[in-house]
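> In terms of our numbering, the sequence shown opens at residue 14 and continues consecutively.
Here it is: the structure, laid out below.
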Amino acid sequence: MKHKDTKNSRRAFLKKSVSGLAGIAILPSVMQRDVMAQEEQKLKKRKIITRTLGRTGLELPIVSLGVGNVQNPELVKAALDAGVKMLDTANSYGRGRNEEMIGEIIKGRPRDSFVIATKVTGAEDRRTGLFRKEATSEMFREKFETSLGRLGLDYVDILYIHSVVRKESVVYEPFLSAMLKLKKEGKVRFLGVSTHANEPEVIRAAAESKVHDVVLTAYNFRQPHVAEVEKAMAEAAKAGLGIVAMKTQAGVFWDPERQNQINMKAALKWALRKEYVHTSIPTMATFDQLEEDMSVMEELELTPVDKKDLQLGARLGVPGLYCRQCGECKTQCREDLDIPILMRSYMYVYGYRNLASAKEALASVDLPTAPCNGCGTCAVTCSMGFDVRAKIEDIARLQLVPDEFVV
Ligand code: SF4
Ligand code: SF4
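And the structure:
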């Protein structure tokens with residue numbers, strides 16, 4: 014499927030999303046406004062599929078919005094107007110700008126018309142995946158209070174420990190005590206963890222913890238270990254956890270040249286076909302993507318074309334952009350590079366066109382300018398078939414771009 018890039022505007026999205034507006038352009042502007050207002054009302058009354066987010070009791074449309082890669086506030090407003098209820102962000106996204114943008118958007122909207130989820134994390138030991146001693150209760154709380162201020166809210170609906178990879182981190186006492194205190198104070202309604210790697214272990218630990226209410230997990234049709242992820246999600250949902258899926262569209266493109274886009278709609282439908290996946294937070298960087306994702310809120314059935322499109326990578330013989338973050342490459346690299354982070358940065362650039370997040374990820378690993386120059390042949394074999402060295406050499410160039418060029 015070729016990538017299309019149509020005019021980005023909230024109004025254009027609305028026009029394309031409603032039926033019977035073919036002749037609107039020939040109407041006088043005052044009548045256009047009336048017609049659009051009526052159609053906006055109709056849009057709100059669409060038959061949207063909803064599911065209950067486990068024991069939180071929150072009734073949510075199956076499509077929510079991962080705001081992390083969104084830079085245009087009009088897109089978020091259009092999503093809310095089209096029926097999206099939950100907005101997902103994090104303390105670290107855009108160094109706080111993402112939460113500030115959401116704060117501006119929700120200002121003046123009734124508090125019960127939206128659900129806000131944010132995430133906080135602390136320093137991690139990259140080798141073990143465990144939190145370091147600097148990750149204290151005080152630090153966690155301070156970061157959360159900053160998030161609350163940026164959002165302009167008295168409370169958030171869901172607070173996650175961000176990007177957990179080990180079961181020990183799910184119940185990391187300094188963070189749990191801070192979270193439970195915040196919940197008691199009414200600043201957080203529900204607690205959870207998010208995970209991009211080692212998902213089955215993290216999901217099971219969250220369910221066993223009896224503290225967490227929600228788990229946000231990577232889940233898509235490209236995961237080699239998808240059966241294990243599904244088993245863990247099904248068990249956790251049975252135990253009462255709310256299940257939110259992310260990375261559903263597996264890197265958006267099959268190729269870094271962006272010639273072959275993943276069928277986003279098909280990928281999202283695929284992730285939502287199991288009832289225990291209560292909602293999803295696909296990334297939507299354009300109004301085209303928003304339109305595609307919104308249509309999934311009403312129709313989940315995979316068509317024969319959808320099914321065929323999901324196999325396109327195999328037909329093209331390309332591994333795609335999605336790194337499952339398994340970490341198997343870490344011990345193979347002679348220079349001890351944090352390859353999963355570098356692969357994530359690569360996906361941010363070529364899949365999401367989010368240079369700021371890509372640069373932030375690079376900055377977190379202290380990468381030499383020419384990281385692979387000392388190696389003859391690469392010692393790494395990636396389970397997803399990536400040419401790891403080529404990707405690292407490519408993405409390392411981003412370090413040379415000044416920060417002010419990518420905000
Ligand atoms: S680059 Fe390959 S081996 Fe390394 S974490 Fe990603 S999928 Fe796993
Ligand atoms: S070529 Fe790069 S990725 Fe491969 S082993 Fe050497 S330093 Fe590691």
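Where a beta carbon is used, it is the ideal one built from N, C-alpha and C, also for glycine.
When the cut-off is 9 Å and only beta carbons count, does S207 lie next to chain C?
Reference to chain C is not applicable here, since this structure consists of a single protein chain.
> On the DSSP letters alone, give me the boundaries of the alpha helix (DSSP H) that Y363 sits inside.
Per DSSP, Y363 belongs to the alpha helix (DSSP H) from I352 to Y363.
> Quick check on the DSSP output: the beta strand (DSSP E) that includes G205 runs from which residue to which?
That run of the beta strand (DSSP E) goes V201 to T208.
> Assign C388 to buried or exposed, taking buried as 16 or more other Cβ atoms, counted over all protein chains shown, within 10 Å of its Cβ.
Flag for C388 reads exposed.
> Distance, Cα to Cα, S370 vs H238?
Answer to the nearest angstrom: the Cα atoms are 26 Å apart.
> So, using beta-carbon positions, are A280 and E248 closer together than 9 Å?
No, they are not a contact pair.
> Using C-beta distances below 7 Å, list every residue in its chain close to A263, excluding the 5 sequence neighbours before and after it, in chain order.
Contacts found: N233, F234, R235, I275, A280, G333 and Y335.
> To which residues of the same chain is P267 closer than 7 Å at the C-beta, ignoring the five residues directly before and after it?
The displayed chain sequence assigns Trp, not Pro, to residue 267. Closer than 7 Å at Cβ, skipping near neighbours: N273, I275, L325, G326, L329, V331 and G333.
> Could you pull out every residue in the same chain whose Cβ sits closer than 6 Å to the Cβ of P269, ignoring the five residues on either side in sequence?
Y363.
> Taking 8 Å as the cut-off, is the C-beta of M397 nearer than that to any heavy atom in ligand 1?
M397 Cβ: within cutoff of ligand 1.
> Of the residues L411, R140 and R357, which one's Cα is nearest the Cα of P381?
The candidate whose alpha carbon is nearest that of P381 is L411.
> Is DSSP giving A231 helix, strand or coil here?
A231 falls in the strand class under three-state DSSP.
> Name the DSSP beta bridge partners of F188, please?
Looking at the DSSP assignment, F188 forms no beta bridge with any residue, so it has no partner.
> Comparing alpha-carbon positions, which option in C342, V206, S358 and D351 lies nearest D138?
D138 has its Cα closest to that of D351, out of C342, V206, S358 and D351.
> Regarding L313 and ligand 2, is the C-beta to nearest heavy atom distance less than 8 Å?
The answer is no for L313.
> With distances taken from CA atoms, which of D226, T296, V215 and K282 is nearest M259?
Closest option to M259, Cα to Cα, is T296.
> For A35, which three-state DSSP category applies?
A caution first: A35 carries a pLDDT of 46, below 50, which makes its placement in the model too unreliable to give a value.
> Cβ of I354 within 8 Å of any heavy atom in ligand 2?
Because no heavy atom of ligand 2 lies under 8 Å away, the Cβ of I354 does not count as near it: no.
> Does the Cβ-Cβ distance between A218 and V169 come in under 9 Å?
No, these two residues do not count as a Cβ contact at 9 Å.
> Just to confirm, are E212 and E241 a CB contact at a threshold of 9 Å?
It is a contact, given that the beta carbons lie within the stated cut-off.
> If you measure between the beta carbons of G116 and R154, is that distance less than 9 Å?
In this structure, R154 does not lie closer than 9 Å to G116 by Cβ.
> Using the beta-carbon count (16 or more within 10 Å), is G253 buried or exposed?
The residue in question, G253, is exposed, as its Cβ has fewer than 16 Cβ neighbours within 10 Å.
> A35 to R108, Cα distance in whole Å?
Interpretation of A35 is limited by its pLDDT of 46, a score under 50 that renders its predicted location unreliable; no figure is taken from the coordinates.
> What number of angstroms, rounded off, separates the C-alpha of V290 from the C-alpha of Y359?
Their backbone Cα atoms lie some 27 Å apart in a straight line.
> For a test of your reading of the model: does the CB of R235 fall under 8 Å from any non-hydrogen atom of ligand 1? Yes or no.
No; taking the cut-off as 8 Å, the Cβ of R235 has no heavy atom of ligand 1 nearer than that.
> I think Q338 touches A210, with their Cβ atoms under 8 Å apart; what is that distance to the nearest whole Å?
Rounded, the Cβ-Cβ distance is 4 Å, consistent with contact.
> Determine which residues share a DSSP beta bridge with D101 and list them.
According to DSSP, D101 bridges with G79 and A130.
> Taking Cβ to Cβ, would you say G255 is nearer than 9 Å to V227?
Yes, they are a contact pair.
> Output the boundary residues of the beta strand (DSSP E) element that contains M426.
Outside the modelled stretch of the chain, which goes from 14 to 420, sits residue 426, for which no answer is possible.
> Taking 8 Å as the cut-off, is the C-beta of L350 nearer than that to any heavy atom in ligand 2?
Yes.
> Is the Cβ-Cβ distance between G96 and M307 less than 9 Å?
Cβ distance < 9 Å, so G96 and M307 count as in contact.
> Using 10 angstroms around the beta-carbon of P74, count the other beta-carbons present and answer buried if the total reaches 16, otherwise exposed.
Burial call: buried.
> Alpha carbon to alpha carbon, how far is K404 from C385? Give it in angstroms, no decimals.
The alpha-carbon atoms of C385 and K404 are separated by roughly 11 Å.
> Taking only heavy atoms of ligand 2 into account, decide whether any of them is closer than 8 Å to the Cβ of R347.
Yes; taking the cut-off as 8 Å, the Cβ of R347 has a heavy atom of ligand 2 nearer than that.
> In chain order, what residues of the same chain have a beta carbon less than 7 Å from the beta carbon of G199, not counting five sequence neighbours either side?
For G199, where only same-chain residues beyond five positions count, the Cβ hits under 7 Å are Y168.
> At what residue ranges does the stretch 323-355 contain a whole run of the alpha helix (DSSP H), taking only runs of 4 or more?
The stretch 323-355 contains these whole alpha helix (DSSP H) runs: 325-329.
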